Amino acid sequence: MSPSTPMDQSHTLPCHVGIIMDGNGRWAKARGKGRLEGHKQGAEVARNVVAWAKDLGIRQLSLYAFSTENWDRPKLEVRGLMSLLSILLPKTLPEMMKNGVRFRVLGDISPLPGSARRAVEKAMQQTEANTGIDLILCLNYGGQQEILAAARKACEWVQLQGDNQSAWASLTPERFRSMMWRHDTAPLDLLIRTGGEQRISNFHLWDAAYAELYFTDRYWPDFSRQDLQDALTDYASRERRYGLTSEQVS
Ligand code: IPE
Ligand code: IPE
Ligand code: MG
Numbered sequence: 017m018s019p020s021t022p023m024d025q026s027h028t029l030p031c032h033v034g035i036i037m038d039g040n041g042r043w044a045k046a047r048g049k050g051r052l053e054g055h056k057q058g059a060e061v062a063r064n065v066v067a068w069a070k071d072l073g074i075r076q077l078s079l080y081a082f083s084t085e086n087w088d089r090p091k092l093e094v095r096g097l098m099s100l101l102s103i104l105l106p107k108t109l110p111e112m113m114k115n116g117v118r119f120r121v122l123g124d125i126s127p128l129p130g131s132a133r134r135a136v137e138k139a140m141q142q143t144e145a146n147t148g149i150d151l152i153l154c155l156n157y158g159g160q161q162e163i164l165a166a167a168r169k170a171c172e173w174v175q176l177q178g179d180n181q182s183a184w185a186s187l188t189p190e191r192f193r194s195m196m197w198r199h200d201t202a203p204l205d206l207l208i209r210t211g212g213e214q215r216i217s218n219f220h221l222w223d224a225a226y227a228e229l230y231f232t233d234r235y236w237p238d239f240s241r242q243d244l245q246d247a248l249t250d251y252a253s254r255e256r257r258y259g260l261t262s263e264q265v266s
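Position one of the sequence shown corresponds to residue 17 (this note's numbering), numbered consecutively onward.
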């Protein structure tokens, strides 16, 4: 066991960790730099966090990289973020292969500029057979949009079943979830948000139903392996009751 491995946490280790990587802009501003410098540094940390998470035994990691609302930021910033993606993703591919990272995307990538979309598609194809850790990059992702898309599918499904009472009754939460964009991941166990804000900002709305929430003031570009470790240690101390009593779950 390496010194930074959580002490006997195997049973309390989250399977799926989601991170709202926030604070890039404020990190840059505090240093008199432009926002894009913050995003560049943030991208380096995103690269590292995948290796740390894998090392610590996490199976699935969702990183919130770009929300459906982020398109409304200044054009230059959006363009910068997209080119970061198309430049850094190919550069990161060799280490993803080395670490057994299976790269996946959550969100609609069709409106992304061609170069970014191609980089994403290539990374998905090349890493498809890897089994070390699933990295789910949330790109042009919105939780409400994902639920709405599932609701549309659900309506079609009910109609195909005959639009009767039994069809509606068969529309269980499990069936509904199977209609979401990415239903082959586990629900979120731990949701970390850096940057000091305490909100969800349209991230994984359905799948965070019973996630443990962890907020830290650390700006994303300063996030370290120790910060991830601290979040996991905190998670290990939580009692997840899923609506039951403490006696029932213990
Ligand atoms: C998060 O950092 C990265 C993205 C949303 C792309 P921000 O850019 O939101 O940083 P702050 O919140 O302005 O500091
Ligand atoms: C959430 O951060 C989106 C990402 C980290 C990609 P924002 O900075 O966009 O969220 P708000 O505006 O503070 O809610
Ligand atoms: Mg922000």
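Glycine included, each C-beta is placed from N, C-alpha and C at the ideal position.
Given the structure is predicted, the values throughout are model-derived calculations rather than measurements.
What does DSSP give as the partner residue(s) for residue i in the beta ladder?
{"i": "S83", "result": "Y157"}
{"i": "H55", "result": "Note: H55 sits in no beta bridge, so no partner."}
{"i": "Y230", "result": "I208"}
{"i": "I35", "result": "L79, I208"}
{"i": "D150", "result": "Q76, R118"}
In whole angstroms, what separates the C-alpha of residue i from that of residue j?
{"i": "R254", "j": "D243", "result": "17 Å"}
{"i": "L77", "j": "L151", "result": "5 Å"}
{"i": "L260", "j": "L206", "result": "19 Å"}
{"i": "W236", "j": "R118", "result": "23 Å"}
{"i": "M98", "j": "V136", "result": "11 Å"}
{"i": "R63", "j": "D88", "result": "25 Å"}
{"i": "F9", "j": "G96", "result": "Residue 9 cannot be examined here, being either before or after the span of the chain that is shown, 17 to 266."}
{"i": "G116", "j": "T143", "result": "8 Å"}
{"i": "S20", "j": "E60", "result": "Only weak support is given to the placement of S20: the predicted model assigns it a pLDDT of 40, under 50, and the value that follows is read from those uncertain coordinates. Taking the straight line joining both Cα atoms gives about 21 Å."}
{"i": "C171", "j": "D238", "result": "45 Å"}
{"i": "K138", "j": "A202", "result": "24 Å"}
{"i": "A185", "j": "R257", "result": "27 Å"}
{"i": "R75", "j": "T188", "result": "27 Å"}
{"i": "R241", "j": "G58", "result": "14 Å"}
{"i": "V94", "j": "L204", "result": "27 Å"}
{"i": "G73", "j": "C31", "result": "8 Å"}
Using CA coordinates, which residue listed in the options is at the minimum distance from residue i?
{"i": "E111", "options": "W184, K70, G159, L92", "result": "K70"}
{"i": "V65", "options": "R47, G212, T147, I35", "result": "I35"}
{"i": "D124", "options": "T188, Q141, L155", "result": "L155"}
{"i": "L122", "options": "D200, N40, S217, T28", "result": "D200"}
{"i": "Q245", "options": "Q264, I208, I216", "result": "I208"}
{"i": "S83", "options": "P127, E172, K138, K169", "result": "P127"}
{"i": "I149", "options": "S186, V33, L187", "result": "V33"}
{"i": "R234", "options": "Y258, G39, P129", "result": "G39"}
{"i": "L248", "options": "Y258, W68, K56", "result": "W68"}
{"i": "G211", "options": "L109, R42, L79", "result": "R42"}
{"i": "F231", "options": "L221, N146, R241, I216", "result": "I216"}
{"i": "L221", "options": "E263, G158, M140", "result": "G158"}
Just to check, is the beta-carbon of residue i closer than 7 Å to a non-hydrogen atom of ligand 4?
{"i": "A81", "result": "For the structure depicted, ligand 4 is absent and the ligand set comprises only ligand 1, ligand 2 and ligand 3."}
Notebook entry, point to check: Pairing CB atoms from the stretch 189-207 with CB atoms from the stretch 154-173, are three or more of them under 8 Å?
Noted result: By the Cβ criterion, the stretch 189-207 is in contact with the stretch 154-173, since at least three pairs of Cβ atoms, one from each stretch, lie closer than 8 Å.
Check: Quick check: the stretch 43-58 against the stretch 215-226, are there 3 or more CB pairs under 8 Å?
Finding: With a cut-off of 8 Å, the stretch 215-226 and the stretch 43-58 do not count as touching, because too few Cβ pairs lie within range.
Check: Between the stretch 169-179 and the stretch 93-105, are three or more C-beta pairs nearer than 8 Å?
Finding: No, they do not touch.
Next item on the list: Please write down, chain order preserved, every residue whose beta carbon lies under 5 Å from a heavy atom of ligand 1.
Entry: With 5 Å as the limit, the residues whose C-beta approaches any heavy atom of ligand 1 more closely are D38, G39, N40, G41, R42, in sequence along the chain.
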